[in-house]
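S.K.: Below is a structure I'd like to ask you about.
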Amino acid sequence: MVHTTEKLVTTRSISRSESKKSSETSLQAALEHARRLTQMYGIEATEVAVAWETVEELITANFRRQPESFPSAFELYCALYPDAPESRIYDV
């Protein structure tokens, strides 16, 4: 039974790392594609806008997959400025 559990954990770890590599590869390919389209057609073309929108969506998807151990920008602001009105916590 322990062997099966270890194998399952190993399989999950491998699939997560493969998924991360795959998403990073997709992002790099989308960036390269968007840059090439921008060079070919300029910044006014519809195809260029769609390509850059795809890059933005991939960046957002990659960010959402990251562990939530990273503080948000607002949390960093509150840590830097604890006396700011935005940093106050109210019970409702």
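All letters in the sequence shown, in the order written, are residues 1 to 92 by UniProt numbering.
Yeah, the Cβ is synthetic: ideal placement off N, Cα and C, and Gly gets one too.
Under 7 angstroms from any heavy atom of the ligand ZN, does the C-beta of A84 make it?
M.R.: Annotation note on the ligand ZN: not contained in the displayed structure, which lists no ligands.
S.K.: Which residue from L80, A29 and M40 puts its Cα closest to that of E56?
M.R.: For E56, the closest C-alpha among the options L80, A29 and M40 is that of A29.
S.K.: Less than 8 angstroms between C-beta atoms, sequence neighbours within five positions excluded: which residues of the same chain meet that for E24?
M.R.: N62
S.K.: Please report the residue range of the alpha helix (DSSP H) in which I43 lies.
M.R.: No alpha helix (DSSP H) holds I43; DSSP gives it neither H nor E.
S.K.: If I measure Cβ to Cβ from T38 and keep anything under 7 angstroms in the same chain, skipping five residues before and after, which residues do I get?
M.R.: V48
S.K.: For Y77, report the span of its alpha helix (DSSP H) as first-last.
M.R.: A73 to L80
S.K.: Can you have a look at A79 and say buried or exposed, based on whether 16 or more other CB atoms are within 10 angstroms of its CB?
M.R.: exposed
S.K.: Which residue's Cα is closest to the Cα of L58: I43, A34, S72 and A45?
M.R.: A34
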